[in-house]
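Residue numbers (the working numbering): 403 to 613.
C-beta atoms are modelled at their ideal positions from N, C-alpha and C, and glycine is treated no differently.
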Amino acid sequence: MRKYDAVIFDLDGVICSTDEYHYLAWKELADSLALPFDRQYNNKLRGVSRLESLNLILALGERQYSDEEKQAMAQKKNDTYRRLLEKMSPADVSDDVLSTLNELKRKYPLAIGSSSRNTKFILSRIGLADFFDAVIDGNDISASKPDPEVFLKAADALSQRPSSCLVVEDAAAGIEAAVRGGFDSAGIGDASRLESATYHIGRLSDLLDIL
Ligand code: B16
Ligand code: MG
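As structure tokens, this is what we get:
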């Protein structure tokens, strides 16, 4: 008997990598504010929403900003980020990821559960706009990871209970969201070192040993 009936994938860091583009866009903003933002600090922003990411960056300085100022900064960062995303293409999906997705699609309904409000744009850039059975992203939720809302909505969209779905995540906030939502999880990348993840995988095709 199989253990899971559906798979929910995080996008950034699992299906493709936009980390560097997030970093470059935040770095441009942080430099303009003379804040000491670097690649290591950028790791803290993984899986976290845009506004929460901005708050973490602004916490590197002393100054307080109004909500309007923060909205303008987040918009500026996103404009830079979107310009960088234009460079993405289907070549940004590795052979390992693509073959694993195709193999799993023959057996399971598949969903995306991402904090990113740019999810649909990224999926179209990488040639996967119509691939998934459900896509729940930052535009569909009121609380971002580590809140489980994004995964609960993805399970619901697939008409599945959380206990029937496996969540695949690269970020600590995403694994915590899975645990809080009652999902088993497979941690990849940074999340492969987290004890709270149910499985620890080195590459996406390792899922084929679990599913
Ligand atoms: P946006 P995921 C997350 O995507 C990223 O990991 C995180 O770094 C980013 O701040 C967040 O999306 C919001 O992205 O500014 O595009 O709305 O890992 O949940 O797929
Ligand atoms: Mg991620």
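Identify whether residue i lies in helix, strand or coil by the three-state DSSP scheme.
i, result
"valine 569", "strand"
"tyrosine 406", "coil"
"phenylalanine 411", "strand"
"aspartate 549", "coil"
"alanine 556", "helix"
"aspartate 604", "Per the sequence shown, residue 604 should be read as glycine rather than aspartate. Of the three classes helix, strand and coil, the one that applies to glycine 604 here is coil, per DSSP."
"serine 419", "coil"
"alanine 436", "coil"
"alanine 594", "It should be pointed out that residue 594 corresponds to serine in this sequence rather than to alanine. Here serine 594 sits in helix by DSSP."
"serine 583", "According to the sequence as given, residue 583 is glycine; it is not serine. Glycine 583 falls in the helix class under three-state DSSP."
"glutamate 589", "The displayed chain sequence assigns glycine, not glutamate, to residue 589. Here glycine 589 sits in strand by DSSP."
Can the beta-carbon of residue i be found closer than 7 Å to that of residue j?
i, j, result
"aspartate 592", "serine 516", "no"
"valine 552", "isoleucine 543", "yes"
"lysine 547", "glycine 449", "yes"
"lysine 479", "leucine 431", "yes"
"alanine 423", "leucine 486", "For the sequence presented, residue 423 should be read as tyrosine rather than alanine. Result yes, Cβ atoms of tyrosine 423 and leucine 486 sit closer than 7 Å."
"aspartate 539", "cysteine 418", "no"
"proline 550", "glycine 583", "yes"
"cysteine 567", "alanine 557", "yes"
Examine the ligand B16 and report whether any of its heavy atoms sits within less than 6 Å of the Cβ of residue i.
i, result
"aspartate 414", "yes"
"serine 468", "no"
"glycine 583", "no"
"asparagine 445", "no"
"serine 516", "yes"
"glycine 589", "no"
"asparagine 520", "yes"
"arginine 485", "no"
"arginine 404", "no"
"arginine 441", "no"
Sorry if obvious, but does the Cβ on residue i come closer than 6 Å to a heavy atom of the ligand MG?
i, result
"aspartate 572", "yes"
"glycine 604", "no"
"glycine 449", "yes"
What does a CB cutoff of less than 7 Å around residue i pick up in its chain, not counting 5 residues either side in sequence?
i, result
"valine 535", "Looking at the sequence shown, residue 535 is not valine but aspartate. Cβ within range, chain order: Pro511, Leu512, Ala513 and Leu560."
"aspartate 498", "Arg605, Leu606 and Ser607"
"arginine 482", "Per the sequence shown, residue 482 should be read as threonine rather than arginine. Correct list, in chain order: Ala427 and Glu430."
"proline 438", "Leu462"
Can you name, in chain order, every residue of its own chain whose Cβ lies under 8 Å from the Cβ of residue i, other than the five neighbours on each side?
i, result
"lysine 472", "Leu453, Leu456, Asn457 and Leu460"
"phenylalanine 523", "Arg484 and Leu487"
"leucine 506", "Val409, Leu512, Leu609, Leu610 and Leu613"
"glutamate 578", "Lys547, Pro548 and Ser598"
Got a sec: is the Cβ-Cβ distance from residue i to anything in chain D below 7 Å?
i, result
"proline 511", "Among the chains of the structure shown, chain D does not appear; only one protein chain is present."
Whose C-beta lies closer than 6 Å to the C-beta of residue i among residues of the same chain, with five residues either side of it excluded?
i, result
"proline 492", "Ile528 and Gly529"
"valine 569", "Ile410, Phe553, Ala580, Phe585 and Ser587"
"leucine 564", "This sequence places proline at residue 564; leucine is not what is there. Hits under 6 Å: Ala557, Gly583, Gly584 and Phe585."
Jot down the residue ranges of each uninterrupted alpha helix (DSSP H) in the region 461–544, minimum 4 residues, whole runs only, in chain order.
469–487, 497–507 and 521–527
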